[in-house]
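Sequential numbering of the sequence shown, starting at 43, is according to our numbering. Scroll down for the structure; my scribbles are underneath it.
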Amino acid sequence: MLLGRRWGRCNLGRCVLFLVLALLLDAVGLVLLLLGVFASLDYWDFLVYTGALTLVFSLLFWITWYSLNIEVPLEKLDL
Numbered sequence: 043m044l045l046g047r048r049w050g051r052c053n054l055g056r057c058v059l060f061l062v063l064a065l066l067l068d069a070v071g072l073v074l075l076l077l078g079v080f081a082s083l084d085y086w087d088f089l090v091y092t093g094a095l096t097l098v099f100s101l102l103f104w105i106t107w108y109s110l111n112i113e114v115p116l117e118k119l120d121l
């Protein structure tokens, strides 16, 4: 057991929408970035910058998903 939970259990958390958006933006950003780097297109710089900005924007969803899934026991809160 790891912190009272079973090892085989997969829990996506309470905010699955933020997780799905983060994964989607990661995939789109990576495709745009790699397409801009490896494809011989005239507008490669647009694809590289857009892909990088999409990856940075996905970090906001990762941070939001992680922050909303932090569980603090009521005993540790000073209420």
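Cβ atoms here follow ideal geometry from the backbone N, Cα and C, with glycine treated the same way. Computed from a predicted model, the values in this text were never measured in an experiment.
Check	Outcome
Coarse secondary structure for residue 89, derived from DSSP in three states	helix
Whole-number beta carbon distance between residue 103 and residue 63, since they are thought to touch under 8 angstroms	5 angstroms
Three-way DSSP call (helix, strand, coil) for residue 43 in this model	Per-residue confidence for residue 43 stands at a pLDDT of 43, beneath the threshold of 50, marking its modelled position as unreliable; no derived number is given.
Span separating the alpha-carbon of residue 88 from that of residue 53	37 angstroms
Three-way DSSP call (helix, strand, coil) for residue 81 in this model	coil
Distance, residue 55 Cα to residue 117 Cα	22 angstroms
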